[in-house]
Amino acid sequence: MTNLAKYAVSTENSKGRLVFESSPQYRSQTQRDRDRVIHSGAFRRLEYKTQVFVNHEGDMFRTRLTHSIEVAQIGRSIARVMNLNEDLVEAICLAHDLGHTPFGHAGQDALNSCMKNYGGFEHNLQSLRVVDQLEERYAEFSGLNLTFEAREGILKHCSKSKARKLGELGERFIQETQPSLEAQVANLADAIAYNNHDLDDGLRAGLIDMEPLREQALFAMHFEEVCQNWPTLPERRMIYETIRRMINYQVVDLVETSQENIEKLQPQNIDDIRQSGPLIKLSETGYLQHKALKKFLKESLYRHYRVHRMSLKASKIIFSLFEVFMDDIRVLPKDVQYRIQSAESSLQEQSQNADMFQARMIADYIAGMTDRFAISEYEKLFNPLTLT
Ligand code: MG
42 MTNLAKYAVS TENSKGRLVF ESSPQYRSQT QRDRDRVIHS GAFRRLEYKT
92 QVFVNHEGDM FRTRLTHSIE VAQIGRSIAR VMNLNEDLVE AICLAHDLGH
142 TPFGHAGQDA LNSCMKNYGG FEHNLQSLRV VDQLEERYAE FSGLNLTFEA
192 REGILKHCSK SKARKLGELG ERFIQETQPS LEAQVANLAD AIAYNNHDLD
242 DGLRAGLIDM EPLREQALFA MHFEEVCQNW PTLPERRMIY ETIRRMINYQ
292 VVDLVETSQE NIEKLQPQNI DDIRQSGPLI KLSETGYLQH KALKKFLKES
342 LYRHYRVHRM SLKASKIIFS LFEVFMDDIR VLPKDVQYRI QSAESSLQEQ
392 SQNADMFQAR MIADYIAGMT DRFAISEYEK LFNPLTLT
């Protein structure tokens, strides 16, 4: 990568991998990270997981896979113009949702409740668990053995109590310092992507009304411009044109604001970045517009009764699966049973620990499911007429 800023993540300042690996022949270490994410099983399963809409509701809606690709596109654009490590941003963006449960936030909340007495469930920590442990593809280590910088970017949030168990990776949550600029870019690229595509999907699904939306500053300024320039364009196309302008506007705003912040700080190296406040930001106005749209989406889309009905069913599926697996591990696939049994026999401690371990393995198994797999497992286990 040419023209890398001196405060960007590079091969020289990287804290490396948990298991040492020498540089690949024709790729950088961060390219290797990105490639490993793409080749992982958890990444492929993102295709059948959704955030707002359940996967089978229609082929036009975003899935977690297309969401992650859109996040990576926005992240790469920002990284390139700011001379940051574009491959690292791409790796973080593509991996940031690997730990998500089926059925989006409803699934995550349900699994977190199931795990209440067993250490809880956080999707950010789960994404880290996927890349650190759960992917079993390489001879020399469990997980993908990603670089420290990719892992710190994936772990966007973390409670202090959990952070204490994560060694160096958890330190920034305790010290309240910042991650690399690349991690900060991936985080905001995620926010820009979902606000815009959820708006697009929500409109297409007919769950969002145009009238209140036209009171949203961020949407209104671009929509009015489009209406003026192309008054006879079909509405759907006007919306596409508006959303594309909104994304571009936010990316430009973010780049310019962040460049100014960097200009003011004059960071000499990556340590200066970690010790300062967040530098990758939208402008004050841009942030307020973004926040207002997010609130609007929460009220009109995420809390829409049709979405809520799906969420209710989704929670029921997760609760039921968790309960039945905890009650009788013999209904789990052989490999999951084997993992629980071999761990239990090596634990040889109080039953409390064995229960904790079993719950965690089951949470891993459920979190890894796609929407459609969870639905079909539920059918198979609870519908007496499905005898398979
Ligand atoms: Mg996301």
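In case it helps, the working numbering puts the sequence shown at residues 42 to 429.
No residue lacks a Cβ here, since even glycine has one placed at the ideal position from N, Cα and C.
Predicted, not measured: the structure shown is a model, and the values here were computed from it.
Taking the beta carbon of residue i as the centre, do at least 16 other beta carbons fall within 10 Å, making it buried, or is it exposed?
i, result
"residue 364", "exposed"
"residue 48", "buried"
"residue 411", "buried"
"residue 277", "exposed"
"residue 424", "exposed"
"residue 258", "exposed"
"residue 326", "exposed"
"residue 263", "buried"
"residue 90", "buried"
"residue 303", "buried"
"residue 93", "buried"
"residue 291", "buried"
"residue 174", "exposed"
"residue 82", "exposed"
"residue 283", "buried"
"residue 61", "exposed"
"residue 372", "exposed"
"residue 402", "buried"
"residue 376", "exposed"
Going by CA-CA distance only, name the one from the options that's closest to residue i.
i, options, result
"residue 109", "63, 285, 85, 124", "85"
"residue 228", "336, 257, 129", "129"
"residue 362", "324, 102, 404", "404"
"residue 399", "163, 155, 148, 107", "155"
"residue 357", "141, 73, 67, 149", "149"
"residue 235", "77, 44, 342", "342"
"residue 71", "397, 209, 52", "52"
"residue 184", "279, 251, 269, 78", "78"
"residue 414", "142, 180, 50", "142"
"residue 221", "153, 135, 318", "318"
"residue 295", "55, 104, 115, 59", "115"
"residue 187", "204, 205, 168, 201", "168"
"residue 293", "324, 203, 212", "324"
Grouping DSSP H, G and I as helix and E and B as strand, with all else coil, what is residue i?
i, result
"residue 344", "coil"
"residue 75", "helix"
"residue 85", "helix"
"residue 413", "helix"
"residue 245", "helix"
"residue 105", "helix"
"residue 255", "coil"
"residue 58", "strand"
"residue 114", "helix"
"residue 465", "With the chain covering 42 to 429 only, the question about residue 465 has no answer from this structure."
"residue 124", "coil"
"residue 321", "coil"
"residue 313", "helix"
"residue 274", "coil"
"residue 69", "coil"
"residue 90", "coil"
"residue 50", "coil"
"residue 263", "helix"
"residue 367", "helix"
"residue 80", "coil"
"residue 362", "helix"
"residue 330", "helix"
"residue 424", "coil"
"residue 382", "helix"
"residue 135", "helix"
"residue 160", "coil"
Should residue i be listed as close to ligand 3, given that the test is whether its C-beta is under 7 Å from any heavy atom?
i, result
"residue 165", "With respect to small molecules bound, the structure shown includes ligand 1 and not ligand 3."
- Item | For ligand 1, residues whose Cβ lies under 5 Å from any non-hydrogen atom | 138, 231
- Message: Which runs of the alpha helix (DSSP H) at least 4 residues long sit entirely within the region 168-238? Give them in chain order.
- Response: 189-195, 201-204, 212-216
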